[in-house]
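Chains H and R, in that order, are what the protein sequence lines are.
Counting the first sequence from 1 gives a position; my numbering is that position plus 1.
Counting the second sequence from 1 gives a position; my numbering is that position plus 278.
Here is the structure we will look at, set down as structure tokens.
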Amino acid sequence: MLFKVFPAAELTRLYELLAVGRIVGPVKKGDDQHGRPLYDFGVVHDFMELHLDYTQTIHSAKNWFLPYREDLCTFSFQGGGGDDDRNVDWHKEVDYGVYAPLVIFGLHPCDINALNKLDKVLLGGRYPNPFYGEKRANMFIVGHSCSPQPFCFCKSMGTDSAIRGFDLFLTRMDEHYFAEILSPRAFHLLEQIDCHDPDSSEHRQYMDMIEEKESLFVAHVDTSDLTKILDLEFQAPVWQEWGEKCLSCGTCAQVCPTCYCYGVEEWVDMDFSRAYKEKQLYSCNLLDFASVAGGHNFRPESHTRLKYRYYHKHRGFVEAFEESLCVGCGRCGQSCLARITVPEVIASVRASK
Amino acid sequence: MHVKMESVQPVAAEEFEYSYKAEITNVYPLTGMEKLYQIQLVDQKERERFVFRPGQFVMLELPGIGEAPFSITSSPLRHGDLELCIRAVGNMTRFIDRVERGTRVGVSGPFGTHFPVEKMEGEDVLLIARGLGIASLRSPILAILETRSRYGQVDIIYGARRPSELLFGYEYAMWRQFDVGLDIIVDQAEEGWQGPVGRITEILKERIASGDPDCFREQTSAIVCGPPVMFRFVCDLLTQAGVPVEKIFVSLERRMHCGRGKCCRCNIGSTYTCLDGPVFDYWSVLNLKEAI
Numbered sequence: 002m003l004f005k006v007f008p009a010a011e012l013t014r015l016y017e018l019l020a021v022g023r024i025v026g027p028v029k030k031g032d033d034q035h036g037r038p039l040y041d042f043g044v045v046h047d048f049m050e051l052h053l054d055y056t057q058t059i060h061s062a063k064n065w066f067l068p069y070r071e072d073l074c075t076f077s078f079q080g081g082g083g084d085d086d087r088n089v090d091w092h093k094e095v096d097y098g099v100y101a102p103l104v105i106f107g108l109h110p111c112d113i114n115a116l117n118k119l120d121k122v123l124l125g126g127r128y129p130n131p132f133y134g135e136k137r138a139n140m141f142i143v144g145h146s147c148s149p150q151p152f153c154f155c156k157s158m159g160t161d162s163a164i165r166g167f168d169l170f171l172t173r174m175d176e177h178y179f180a181e182i183l184s185p186r187a188f189h190l191l192e193q194i195d196c197h198d199p200d201s202s203e204h205r206q207y208m209d210m211i212e213e214k215e216s217l218f219v220a221h222v223d224t225s226d227l228t229k230i231l232d233l234e235f236q237a238p239v240w241q242e243w244g245e246k247c248l249s250c251g252t253c254a255q256v257c258p259t260c261y262c263y264g265v266e267e268w269v270d271m272d273f274s275r276a277y278k279e280k281q282l283y284s285c286n287l288l289d290f291a292s293v294a295g296g297h298n299f300r301p302e303s304h305t306r307l308k309y310r311y312y313h314k315h316r317g318f319v320e321a322f323e324e325s326l327c328v329g330c331g332r333c334g335q336s337c338l339a340r341i342t343v344p345e346v347i348a349s350v351r352a353s354k
Numbered sequence: 279m280h281v282k283m284e285s286v287q288p289v290a291a292e293e294f295e296y297s298y299k300a301e302i303t304n305v306y307p308l309t310g311m312e313k314l315y316q317i318q319l320v321d322q323k324e325r326e327r328f329v330f331r332p333g334q335f336v337m338l339e340l341p342g343i344g345e346a347p348f349s350i351t352s353s354p355l356r357h358g359d360l361e362l363c364i365r366a367v368g369n370m371t372r373f374i375d376r377v378e379r380g381t382r383v384g385v386s387g388p389f390g391t392h393f394p395v396e397k398m399e400g401e402d403v404l405l406i407a408r409g410l411g412i413a414s415l416r417s418p419i420l421a422i423l424e425t426r427s428r429y430g431q432v433d434i435i436y437g438a439r440r441p442s443e444l445l446f447g448y449e450y451a452m453w454r455q456f457d458v459g460l461d462i463i464v465d466q467a468e469e470g471w472q473g474p475v476g477r478i479t480e481i482l483k484e485r486i487a488s489g490d491p492d493c494f495r496e497q498t499s500a501i502v503c504g505p506p507v508m509f510r511f512v513c514d515l516l517t518q519a520g521v522p523v524e525k526i527f528v529s530l531e532r533r534m535h536c537g538r539g540k541c542c543r544c545n546i547g548s549t550y551t552c553l554d555g556p557v558f559d560y561w562s563v564l565n566l567k568e569a570i
């Protein structure tokens, strides 16, 4: 990895160099009831809109590479006519919908690691998902350092720093930025601004910042032997207690940076000339997630679905990819209407008797 | 500064949303609920190259209506001239119930794991199905019958609620001609029913009690298809009778929206039913929470 240091004032120049394309970054959406700012990832039209000092966005940046709704294909029908539908033929067209590159400016390490995890499942295996792959291939990612919030437990999940999955990562140090460079594209970008190689005092300053960040974490999750504990406690009554609280609303999946499950529905145009196959992001907490034709539901009770969510994140994915699917961003707990948080659920299962 | 566009390999893309164009060439009503559909890939080359193994499934798509997974019911020797046995119970299957010969559909696959009938050669095979489970079981039955001399004793036990709900009745005589033990049992008799009345587990218990030494051995492989409630009862009986857990194979049903391990709807623990299943050995099932 290459490192550079540049004056904070140069950031505007960096932004402008990237602004030839579309930039998405943390923007302010309003204030909460306590007057604290609310942030979300949105299209940035001006450098002043970019809030790199943001605490945490409400939603993850997910819908820029996994849109909530997306057409998988369209069908156009030919032939037929009248009541005779036997000779109707159709033609299928696939469009990934990627026409321009996208710059994502200001992702925190948890969200970068979320992308790395999604890459494993969506781009790996026998059938890589080209809808996601094409968006990922046309993305320039600028990461930004963060300050742990009371609900952040990324350190427990090992995702508090990103070592891959970005082009450029910026850490603010007083009046300078410490830049980590991972791609030739980022290297050439920095050639165009005023920067220098870090000296030993800047190394020291960077390492001090990491140390300081580590000391700020409040929330923790004990992940040691968690896969085994989850198997052992599969029937623990504590799941039912959480199930009674859970509203099965699916909000956690909507804000989660790694939830990728979906459903598919098809639509026909009013004049029967075309049809659309549309993918919609779903949530395993929704009632019909595992229901099949004929009426059988494999997870009919709220607690079975909540438990499944934890099993997939913290056990199933670990077994398949040797890492958890949870990045510890804490968004699910922050947005949960029933105030269910990951650290509390895991701690309660670990304490089961 | 230009952020360069890069394109993913078109091959992967083809595979992801690619579906064969197929035509429904024949529809045979089997019972009041189920029909057997012959579905032929339109392109002759594609049809010949379509190779599947018993127990695998396809995603059947009716443009504008929906897409759903179905076990292939036909013999693997038929390649892309498929037979699917479909019960009209959901939105899509009720629509299929009304389509006629000549309808153009999309078929993708074959997907998933298969019943390893090739590894069962030289051994005894016990095939058990209840209800619509026979749709998944018919493919391995036909595959075994086509190479009958390679297997030891072959027994089929098939249960249904009522005699009128039994599927593929016209083929039983043909199956029996291949030196196959075929036991059929129903929950409720109807007029004219001469056969036994009861549960599949009762037949199994009788066999175990009779001490027939050829029936359950370490050299026996079992294939079990049926509704979720059936698996535990049947598989536990087989295990008690001495069939090793790793030689009992079940086919699990789950909701699926892609068949390619991406929609996550069929996920059980660390496995996807579409990729790591639908056929699992009972050892894997015991290791997966909430599999059955």
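Even for Gly, the Cβ is constructed at its ideal location relative to N, Cα and C.
- Between G537 (chain R) and C552 (chain R), the C-beta gap is smaller than 8 angstroms, which places the two residues in contact.
- Taking 8 angstroms as the CB threshold, P522 (chain R) stays off the interface with chain H.
- At a cut-off of 8 angstroms between C-beta atoms, L123 (chain H) counts as an interface residue with respect to chain R.
- In this structure, F170 (chain H) lies near E181 (chain H), with their beta-carbon atoms less than 8 angstroms apart.
- Shown here, S488 (chain R) sits in a helix according to DSSP, grouped into three states.
- Within 7 angstroms of the CB of T371 (chain R), the CB atoms of chain H belong to A294, in sequence order along the chain.
- Proximity of the region 54-70 of chain H to the region 112-125 of chain H meets the contact definition, three or more beta-carbon pairs being nearer than 8 angstroms.
- In this structure, the beta-carbon distance from E266 (chain H) to A276 (chain H) does not fall below 8 angstroms.
- Put simply, the CB of C541 (chain R) is near chain H, with a gap under 8 angstroms to one of its CB atoms.
- Residue environment: S274 (chain H) is assigned as exposed (fewer than 16 neighbouring CB atoms within 10 Å of its CB, all protein chains considered).
- Ranked by how close their Cα comes to the Cα of S352 (chain R), the residues R:L530, R:F446 and R:E339 have R:F446 in first place.
- In this chain, the alpha helix (DSSP H) harbouring Q335 (chain H) covers R332 to S336.
- Taking a beta-carbon distance threshold of 8 angstroms, I350 (chain R) does not count as an interface residue toward chain H.
- If the five residues before and after S162 (chain H) are omitted, its C-beta is found closer than 6 angstroms to the C-beta atoms of P110, all from its own chain and listed in chain order.
- With a beta-carbon spacing of about 11 angstroms, E339 (chain R) and L73 (chain H) fall beyond the 8 angstroms limit used to define contacts.
- Between the region 297-316 of chain H and the region 202-215 of chain H, the count of C-beta pairs closer than 8 angstroms stays below three; the two stretches do not touch.
- Around N130 (chain H), the beta-carbon contacts reaching into chain R at under 7 angstroms are F294 and K540.
- Residues of chain H with a Cβ closer than 7 angstroms to the Cβ of K313 (chain R) do not exist, since the nearest Cβ in that chain sits about 15 angstroms away.
- When C-alpha distances from F132 (chain H) are compared across R:E361, R:C541 and R:P556, the shortest belongs to R:C541.
- Secondary structure at G264 (chain H): strand, using DSSP grouped into helix, strand and coil.
- When the five nearest sequence neighbours on each side are left out, no beta carbon in the same chain lies closer than 6 angstroms to the beta carbon of E324 (chain H).
- Taking 8 angstroms as the CB threshold, L73 (chain H) lines the interface with chain R.
- When only Cα atoms are considered, V122 (chain H) and G317 (chain H) end up about 12 angstroms apart.
- Scanning its chain for C-beta atoms nearer than 6 angstroms, with the 5 sequence neighbours on each side dropped, one finds around S77 (chain H) the residues H92 and R275, in chain order.
- Taking a beta-carbon distance threshold of 8 angstroms, V28 (chain H) does not count as an interface residue toward chain R.
- Secondary structure in the region 80-140 of chain H: the beta strand (DSSP E) runs of 3 residues or longer, each lying completely within the stretch, are 90-94 and 103-108 in chain order.
- Residue nearest to E345 (chain R) within the set R:F330, R:E326, R:R372 and R:V320 is R:R372 (criterion: CA-CA distance).
- Inter-residue distance for V507 (chain R) and G31 (chain H) is about 52 angstroms (C-alpha atoms, whole angstroms).
- Per DSSP, the unbroken beta strand (DSSP E) holding N304 (chain R) starts and ends at Y298 to P307.
- Excluding five sequence positions before and after F322 (chain H), the CB atoms of its chain that fall closer than 8 angstroms to its own CB belong to K118, K121 and V122, given in chain order.
- Within the model, the alpha-carbon separation for Q497 (chain R) versus V350 (chain H) is close to 42 angstroms.
- Closer than 8 angstroms to the CB of K93 (chain H) there is at least one CB belonging to chain R.
- Here the alpha carbons of K136 (chain H) and A407 (chain R) stand approximately 45 angstroms from one another.
- Taking all protein chains in view, the Cβ of L360 (chain R) is crowded by 16 or more other Cβ atoms within 10 Å, so the residue is classified as buried.
- In this structure Y429 (chain R) is in contact with E399 (chain R), their Cβ atoms being roughly 6 angstroms apart against a cut-off of 8 angstroms.
- Straight through space, the alpha carbons of L515 (chain R) and A487 (chain R) are spaced by roughly 11 angstroms.
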